[in-house]
Amino acid sequence: MSVSSPVSSTIPADPSFSRRLIDWQRRCGRHQLPWQSTRDAYRVWLSEIMLQQTQVSTVIPYFARFIERFPTVDALARVPVESVLENWSGLGYYARARNLHRCAQTVVERYDGQFPQDPEVLASLPGIGRSTAAAIAVFAFGVRAAILDGNVKRVFARHFGIAGFPGAPAIERSLWALAESLLPGDGIEAYTQGLMDLGATLCVRSTPDCAACPLNASCRALAQGRVDELPEARPRKPLPERETTMWLLSDGENVLLEQRPATGIWGGLLSLPEQDGWNSAEALAARCGYRLVSQQALPDLRHTFTHFRLLMHVSFCCVEALPPSGRLPEPLLWRPWSALASAALPAPIRKILEAAASR
DNA sequence: CAGACGTGGTT
DNA sequence: TAACCAAGTCT
């Protein structure tokens, strides 16, 4: 409950908190991640955006592909956003990809291709919030700035015995103040990386390795036997369930896809036409100048998003072109099966198409 | 401010 | 299985 002053007279602010963390990071922290050992702001920025709400092991192959395809911020700014989405396909939170592209264009046009160093200026760019701005400033420019990500919240909640859900606005405000107050005079890079490394390798959510922790001597949660209770979980509401039927139309060579609106779930990605927009497979095929030859249900698929659960029924439809082929309605497009590997598809849709292709 | 916004891994 | 959530940001 002592949310207001986590650093109180009960546990004095440990002057060696940052010192111990820095020493530990240099000995035991991670030093070989693909975006480390560079001060290339482009790589630092790209990795930080990909790492938002996403684990290191998931990011690594995506980061490698982006660096290979788009080696510089100029290269990224020049390609169409569709190309960015194609390479982001499967990584999730697709607003990150759209913002990534907008941010690259802003950096090129307004900052002459050089990322600004000031965290406040960085945070004004699309997709860069307060914590990501600080991380970029630290790792690319050695600027003394505070991050506050999930790792840091967990480490602080335990070390300073902070009760309540760390994402709650009031608690988050005090955590930011704490983060600012603990910044070291020197070694900001090792300190910042140390917070992340500690949270990712020792001070993990379940069964943390407190015996190996460089901060165990001053950890309030450890002293009070409350390590398993902190940080407190997010208060959850029940997930709503939605249901949809998707049409997988194919003439043998091509598949009918539909580009989703730029905002909302899977924004800007290619998906399968759904029942809401097209009442029946016959109607959909007719609208495209095709006729339905046969129709077969594929196995149902369940997908869980952050805020709802989706039950997908998929109907595989063989179609045949009718002679006078009119214009395809705007969001619809035919894609060869062979082009799907590099298409901007959401993960569950990719799975459906892969399963259908190997039948 | 609360809710939208993905996916895959762990327990 | 279902809950939980990971280098958060935007509206």
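Mind the numbering: the first sequence is residues 1 to 359 in the UniProt record's numbering, read in order.
Where a beta carbon is used, it is the ideal one built from N, C-alpha and C, also for glycine.
Exercise. In the structure shown, what three-state DSSP assignment does Glu172 receive?
Worked result: For the purposes of this step, residue 172 is taken as the residue at position 172 of the first sequence. The answer is helix: DSSP assigns Glu172 an H, G or I state.
Exercise. Which term fits Pro214, buried or exposed, when burial requires 16 or more other beta carbons within 10 angstroms of its beta carbon?
Worked result: By 1-based counting over the first sequence, the position of residue 214 is 214. Under this definition Pro214 is a buried residue.
Problem set entry | Proximal residues to Arg27 (C-beta, below 8 Å), its chain only, five neighbours per side dropped | Position 27 of the first sequence, counted from the first residue, corresponds to residue 27. Same-chain partners within the cutoff: there are none.
Problem set entry | Coarse secondary structure for Ser89, derived from DSSP in three states | Along the first sequence, one-based indexing puts residue 89 at 89. Reduced to three states, the DSSP call for Ser89 is coil.
Exercise. Ser18: which of Trp176, Leu182, Ala357 and Thr58 sits nearest, CA to CA?
Worked result: Position 18 of the first sequence, counting from 1, holds the residue named residue 18. Checked all of Trp176, Leu182, Ala357 and Thr58; the closest Cα to Ser18 is Leu182.
For this session: Could you tell me whether the region 275-290 touches the region 300-310, where touching means 3 or more Cβ pairs closer than 8 Å?
Result: no
Problem set entry | Nearest-angstrom beta carbon gap, Leu51 and Ala344 [assumed within contact, 8 Å] | On the first sequence, position 344 is the one that residue 344 refers to. On the first sequence, position 51 is the one that residue 51 refers to. That belief does not hold up - the Cβ atoms of Ala344 and Leu51 are roughly 21 Å apart, past 8 Å.
For this session: Would you mind stating whether Arg96 and Gly268 have Cβ atoms separated by less than 8 Å?
Result: Within the first sequence, the letter at position 96 stands for residue 96. Within the first sequence, the letter at position 268 stands for residue 268. Not in contact: Arg96 and Gly268 (Cβ atoms no closer than 8 Å).
Problem set entry | Pro235 burial status per 10 Å Cβ neighbour count (16 or more: buried) | The residue you call residue 235 lines up with position 235 of the first sequence. Classification of Pro235: exposed, given that the 10 Å Cβ count is below 16.
For this session: Drop a sphere of 10 angstroms on the beta-carbon of Thr304, count the other beta-carbons inside from all chains shown, and report buried for 16 or more, exposed for fewer.
Result: Taking the first residue of the first sequence as position 1, residue 304 is located at position 304. Label assigned to Thr304: exposed.
For this session: In the DSSP assignment, find the beta strand (DSSP E) that holds Tyr290 and state where it starts and stops.
Result: Counting from 1 along the first sequence, the entry for residue 290 is found at position 290. Where Tyr290 is concerned, the enclosing beta strand (DSSP E) stretches over Tyr290 to Thr304.
Exercise. Can you tell which of Leu333, Ser271, Val73 and His101 has the C-alpha that lies nearest to the C-alpha of Asp112?
Worked result: The residue given as residue 112 occupies position 112 in the first sequence. Answer by Cα proximity: Val73.
Problem set entry | As assigned by DSSP and simplified to three states, the class of Leu284 | Taking the first residue of the first sequence as position 1, residue 284 is located at position 284. It is helical.
For this session: Starting from the Cα of His159, find the closest Cα among Glu172, Arg102 and Leu230 and give me that residue.
Result: Residue 159 sits at position 159 when you count from the first residue of the first sequence. The candidate whose alpha carbon is nearest that of His159 is Leu230.
For this session: Please state whether DSSP places Thr38 in a helix, a strand or coil.
Result: To locate residue 38, count along the first sequence from 1; it is residue 38. In this structure, Thr38 counts as coil in the three-state DSSP scheme.
Exercise. Ordered along the chain, which non-local residues of its own chain (more than five positions away) have a Cβ less than 7 Å from that of Ser294?
Worked result: Counted from its first residue, the first sequence places residue 294 at position 294. Same-chain partners within the cutoff: Cys318.
Exercise. DSSP three-state call for Gln259: helix, strand or coil?
Worked result: Your numbering for residue 259 matches position 259 in the first sequence. In this structure, Gln259 counts as strand in the three-state DSSP scheme.
Exercise. Considering only residues of the same chain and omitting the five flanking positions on each side of Ala123, which have a CB-CB separation below 7 Å?
Worked result: Reading the first sequence from its first residue, position 123 is the one you call residue 123. Hits under 7 Å: Gly129, Arg130 and Ala133.
Exercise. Roughly how far, in whole angstroms, is the beta-carbon of Leu257 from the beta-carbon of Ser271, given that I think they are within contact range, below 8 Å?
Worked result: By 1-based counting over the first sequence, the position of residue 257 is 257. By 1-based counting over the first sequence, the position of residue 271 is 271. Going by Cβ atoms, the distance from Leu257 to Ser271 rounds to 7 Å, so yes, they are a contact pair.
For this session: Below 8 Å on the Cβ atoms is my guess for Ser315 versus Ala357; work out the distance and round it to an integer in Å.
Result: As a working mapping, residue 315 is identified with position 315 in the first sequence. As a working mapping, residue 357 is identified with position 357 in the first sequence. Wrong, their Cβ atoms sit about 16 Å apart, outside the cutoff.
Problem set entry | Ordered list of beta strand (DSSP E) runs contained in the region 228-279, each at least 3 residues | 241-250 and 254-259
Problem set entry | Rounded C-alpha distance that separates Leu76 from Ile265 | As a working mapping, residue 76 is identified with position 76 in the first sequence. As a working mapping, residue 265 is identified with position 265 in the first sequence. When rounded, the distance between both Cα atoms is 24 Å.
Problem set entry | Cβ-based neighbour list, Trp45, same chain, cut-off 7 Å, excluding 5 preceding and 5 following | Translated into the one-based positions of the first sequence, residue 45 becomes position 45. If we look at Trp45 and ignore the five residues flanking it on each side, its Cβ neighbours are Phe115 and Ile136.
Exercise. By a C-beta neighbour count over all protein chains shown, 10 Å radius and 16 as the cutoff for buried, is Asn279 buried or exposed?
Worked result: Here residue 279 corresponds to residue number 279 of the first sequence, with the count starting at 1. Exposed, by the Cβ-count rule.
Problem set entry | Cβ neighbours of Gln53 in the same chain (closer than 7 Å, five flanking residues each side left out) | Sequence index remark: in the first sequence, residue 53 carries index 53 (1-based). The answer, listed in chain order, is Tyr93.
For this session: Could you please give the first and the last residue of the uninterrupted alpha helix (DSSP H) stretch that includes Ser131?
Result: Within the first sequence, numbered from 1, the residue matching residue 131 stands at position 131. From DSSP, the alpha helix (DSSP H) with Ser131 extends over Arg130 to Phe141.
Exercise. Taking the DSSP output, what are the residues bridged to Leu180?
Worked result: Working through the first sequence from its first residue, we reach residue 180 at position 180. Rather than Leu, the amino acid found at residue 180 in this sequence is Glu. None; Glu180 has no bridge partner.
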